[in-house]
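Residue numbers (this note's numbering), protein chains in the order written: chain E, 1 to 304; chain G, 305 to 549. Where a beta carbon is used, it is the ideal one built from N, C-alpha and C, also for glycine.
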Amino acid sequence: MGRLSVDLCGIGLDNPIIPASGTFGYGYEFAELYDINMLGTFSFKGTTREPRFGNAQPRIAETPGGMLNAVGLQNPGVQQVISHELPLLKKCFHKPVMANVSGFSIDEYTDVCAMLDKEEQVGWLEVNISCPNVHGGGMSFGTDPAQAAEVTKAVKAVTTKPVIMKLSPNVTDIVSIAKACEDAGADGISLINTLLCMRIDLKKRAPLLANGTGGLSGSAIFPLAIRMVYQVAKNVKIPVIGLGGISSAENVLEMMMAGAACVEIGAANLTDPFICRDIIRDLPAVMDKYSIQNIKDITGGALK
Amino acid sequence: MKQSLFEIMENTPLTRDVYRMKLRGDTGDITRPGQFVNIRIAGLYLRRPVSVCDVEGDILTLIYKAVGEGTRKMSGMTAGETLDLLTGLGNGYDLSRAGDAPLLLGGGVGVPPLYLLAKELIRAGKTPRVILGFNTESEVFYENEFRALGCDVMVTTVDGTYGTKGFVTGTINDKPYTFFYTCGPEPMLKAVYKTSKTSGQMSFERRMGCGFGACMGCSCKTITGSKRICREGPVMDKEDILWED
């Protein structure tokens, strides 16, 4: 066991660094850049029952300290993921992977989870009830405690793998959603997904993104993510994965002190494809600076 | 793809808002004309994609138009500054399809990637015909540079203040050609698509998140399925294009 090792729902990770869903594809493109086996794990692209092309162009916009995206859950569908993407992933990644699942109905969540449950390499199911970029589903499950609990229960019934519920920050009371998921049997919580935002194109006098709204990610949302992780970690007993704007080893320590057992890194992968490799490299020296022997010991260290 | 630091050697205006930047660095991953680099700019979150105009040894030439926040910041940079670049992005043009008489059609800041393409075609023993389209005389650039390579060059301006009046498609079929390569604004690409009489390749532009295939921000629909402009593109085969509107 190294200084960086942590536990996530009974599965050991060599380090707490997990590229977040939607910023890392199915891994193999990053495997051309560095050995992705150095990662704790990664969460693959959000997968739905049917193939989805996603939203119209443009889908991306710059913001101060971050970016908006309205990709809209583009993915090849669960069957293609199992037949095509996972075999490619298996060639370059030899650890349990986190399967990110999205849906538009309870049935869709359970169908996709049941199929991915049978895949040996899937270590955890991360259930996205927080995508702000699709209509008639996604985030609506994550903004109401009763619905969040219903998805959690339904998914738990079709899998023996740990279920991590990925929460939306676009709510008035994040703690009530997290507790509802915990009470319904969730094995872990990940937060935060992106914040619902908008930019206007001055020339066109219209929203810049074709979808109108998009999800904000990047450094700009880091303090908000810290606050929400802190609140949730204080009120649940299951492990919390912290994400939102992390881009340095110091940010990782801060997120863990706020209560995260491990962290996901999202938008930073898009501007610096080597960011996760570099953070893993930087962590021991930064831990030394703050007299941290084992990183797992700092989880929740700032909670009062 | 490679991430490395480049040193700016020169950054000079070619027209009122079009600049040429020459940089020194590791160009090893740039393998085909039509590829692009993705530039980190201090103070901005996302990198900015710019097509490769030329590569000679370790000298990379980029030509960009200062239109938005990123390119305006670039236009203020001076020799000696360093830039963090991702290089070797995108598929680039396929030279093997050129035939004996390739035709190159460039519009505005779509002209630069055709320069390295023309150079490579000439190296392969072809004499490309080049039609460069601009709005007006003051926006014309690189005519002489294409001529110096040995290309058969024609310039069109929309207002007729220089060269032939009209669009590049006005003269596209004046002489026979075996294959076309084009880059420019989307309305121009559509017009080339409609008027061209042979197969060809067109390079597209999109707002990108990462530029290397991770975020699905620049996806487009094609005849053969969804493609990422940054990865399976930016160069698309004419036969594969599906216009969305």
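Is DSSP giving residue i helix, strand or coil here?
i: S217 of chain E; result: strand
i: I241 of chain E; result: strand
i: N269 of chain E; result: helix
i: M287 of chain E; result: helix
i: R3 of chain E; result: coil
i: G46 of chain E; result: coil
i: R336 of chain G; result: coil
i: G396 of chain G; result: coil
i: R322 of chain E; result: The requested residue 322 of chain E is not part of the displayed model; chain E covers only 1 to 304.
i: K377 of chain G; result: helix
i: G412 of chain G; result: helix
i: R351 of chain G; result: coil
i: L8 of chain E; result: strand
i: N55 of chain E; result: coil
i: L13 of chain E; result: strand
i: I545 of chain G; result: strand
i: Q80 of chain E; result: helix
i: F222 of chain E; result: helix
i: E32 of chain E; result: coil
i: L305 of chain E; result: Nothing in the structure corresponds to residue 305 of chain E, since chain E is present only between 1 and 304.
i: C514 of chain G; result: coil
i: Q293 of chain E; result: coil
i: V236 of chain E; result: coil
i: A249 of chain E; result: helix
i: A302 of chain E; result: coil
i: V229 of chain E; result: helix
i: K423 of chain G; result: helix
Identify every residue that forms a DSSP beta bridge with residue i.
i: A61 of chain E; result: E:L68
i: L73 of chain E; result: Looking at the DSSP assignment, L73 of chain E forms no beta bridge with any residue, so it has no partner.
i: I320 of chain G; result: For the record, residue 320 of chain G in the displayed sequence is Arg; it is not Ile. Answer is none; R320 of chain G lacks a bridge partner.
i: A206 of chain E; result: E:D201
i: N315 of chain G; result: G:M325
i: D358 of chain G; result: G:T365
i: S523 of chain G; result: G:R532
i: E264 of chain E; result: E:I18 and E:L243
i: D404 of chain G; result: Beta-bridge pairing links D404 of chain G to no other residue.
i: L436 of chain G; result: G:G410 and G:V459
i: V539 of chain G; result: G:S507
i: K306 of chain G; result: G:T391
i: G212 of chain E; result: E:L209
i: V341 of chain G; result: G:V354
i: T386 of chain G; result: G:E311
Requested in this report: Taking 8 Å as the threshold, find out whether the stretch 294-301 of chain E comes into contact with the stretch 268-279 of chain E through three or more Cβ pairs.
Outcome: The stretch 294-301 of chain E makes no contact with the stretch 268-279 of chain E: fewer than 3 CB pairs, one atom from each, lie closer than 8 Å.
Checklist entry - Between the stretch 260-274 of chain E and chain G, which residues of the former have a C-beta closer than 9 Å to a C-beta of the latter? => result Listed in sequence order: A267, N269, L270, T271, D272, P273 and F274.
Can you list, in chain order, the stretches of the beta strand (DSSP E) that have 3 or more residues and sit fully within the stretch 87-141 of chain E? Counting whole runs of 3 or more residues, the stretch 87-141 of chain E contains the beta strand (DSSP E) stretches 97-101 and 122-128.
Quick check: the stretch 29-40 of chain E against the stretch 490-507 of chain G, are at least 3 beta-carbon pairs closer than 8 Å? no
Open item on the list: What are the residues in the stretch 499-520 of chain G lying within 8 Å of chain E by C-beta distance?
Closed with: Result list: R510, R511, M512, G513, C514, F516, G517, A518, C519 and M520.
Exercise for review: Only counting runs of 3 or more residues, tell me where the beta strand (DSSP E) segments fall wholly within the stretch 440-510 of chain G, in order along the chain.
Suggested key: List check, beta strand (DSSP E) in window: 456-461, 483-487 and 504-507.
Checklist entry - Is it true that the stretch 385-403 of chain G meets the stretch 455-468 of chain G, where meeting means three or more beta-carbon pairs spaced less than 8 Å apart? => result no
Note to self: If the cut-off is 8 Å on Cβ atoms, which residues from the stretch 195-219 of chain E count as contacting chain G, listed in chain order?
What the structure shows: So the close ones are G218 and S219.
Closer than 8 Å, Cβ to any Cβ of chain G: which residues of the stretch 88-121 of chain E, in chain order? none
Can you confirm whether the stretch 313-333 of chain G touches the stretch 355-369 of chain G when touching is taken to mean that 3 or more C-beta pairs between the two stretches lie within less than 8 Å? Output reads yes: the stretch 313-333 of chain G touches the stretch 355-369 of chain G.
TODO: Report the residue ranges of all alpha helix (DSSP H) runs contained in full by the stretch 145-200 of chain E; include only those spanning at least 4 residues, in chain order.
DONE: As far as the stretch 145-200 of chain E is concerned, its whole alpha helix (DSSP H) runs of at least 4 residues are 145-156 and 174-183.
* **Where the stretch 327-354 of chain G meets chain E: residues whose CB sits under 8 Å from a CB there** => R344, L348, Y349, L350 and R351
| said: Can you confirm whether the stretch 88-95 of chain E touches the stretch 150-163 of chain E when touching is taken to mean that 3 or more C-beta pairs between the two stretches lie within less than 8 Å? | reply: no
*What residues from the stretch 9-42 of chain E come within 8 Å of chain G, judged by C-beta to C-beta, listed N to C?*
G22, T23, F24, G25, E29, F30, E32 and L33
When Cβ atoms are compared, which residues of the stretch 66-81 of chain E fall closer than 7 Å to chain G?
G66, M67, N69, V71 and Q74
query = Should the stretch 369-384 of chain G be regarded as contacting the stretch 451-461 of chain G, the criterion being three or more beta carbon pairs within less than 8 Å?
reply = The stretch 369-384 of chain G, when compared against the stretch 451-461 of chain G, does not touch it at the 8 Å Cβ threshold.
Open item on the list: Please identify, using Cβ separations under 7 Å, the residues of the stretch 223-243 of chain E that lie next to chain G, in order along the chain.
Closed with: none
If contact is defined by three or more beta carbon pairs under 8 Å, each pair taking one atom from either stretch, is the stretch 45-52 of chain E in contact with the stretch 500-507 of chain G? no
| Touching by the beta-carbon criterion (3+ pairs, under 8 Å), the stretch 275-283 of chain E and the stretch 247-256 of chain E | The stretch 275-283 of chain E makes contact with the stretch 247-256 of chain E: 3 or more CB pairs, one atom from each, lie closer than 8 Å.
TODO: Output, in sequence order along the chain, the residues in the stretch 464-495 of chain G whose CB is closer than 7 Å to any CB in chain E.
DONE: none
| task | Taking only beta carbons into account, state which residues of the stretch 372-393 of chain G come closer than 9 Å to chain E, listed in chain order. | result | G372, E373, G374, D388 and L390
Practice item. Examine the Cβ distances between the stretch 114-126 of chain E and the stretch 94-104 of chain E and report whether three or more of them are shorter than 8 Å. Key: yes
field: Stretch pair the stretch 418-436 of chain G + the stretch 394-405 of chain G: three plus CB contacts closer than 8 Å
entry: yes
Short-range partners of chain G found in the stretch 40-62 of chain E, where Cβ spacing is below 8 Å: K45, F53, G54, A56, Q57, P58, R59, I60, A61 and E62
Item to check | At least 3 beta-carbon pairs within less than 8 Å: the stretch 283-290 of chain E vs the stretch 322-338 of chain G | outcome: no
Across the stretch 68-87 of chain E and the stretch 512-530 of chain G, are there enough close Cβ pairs to call them in contact, namely three or more that are closer than 8 Å? yes
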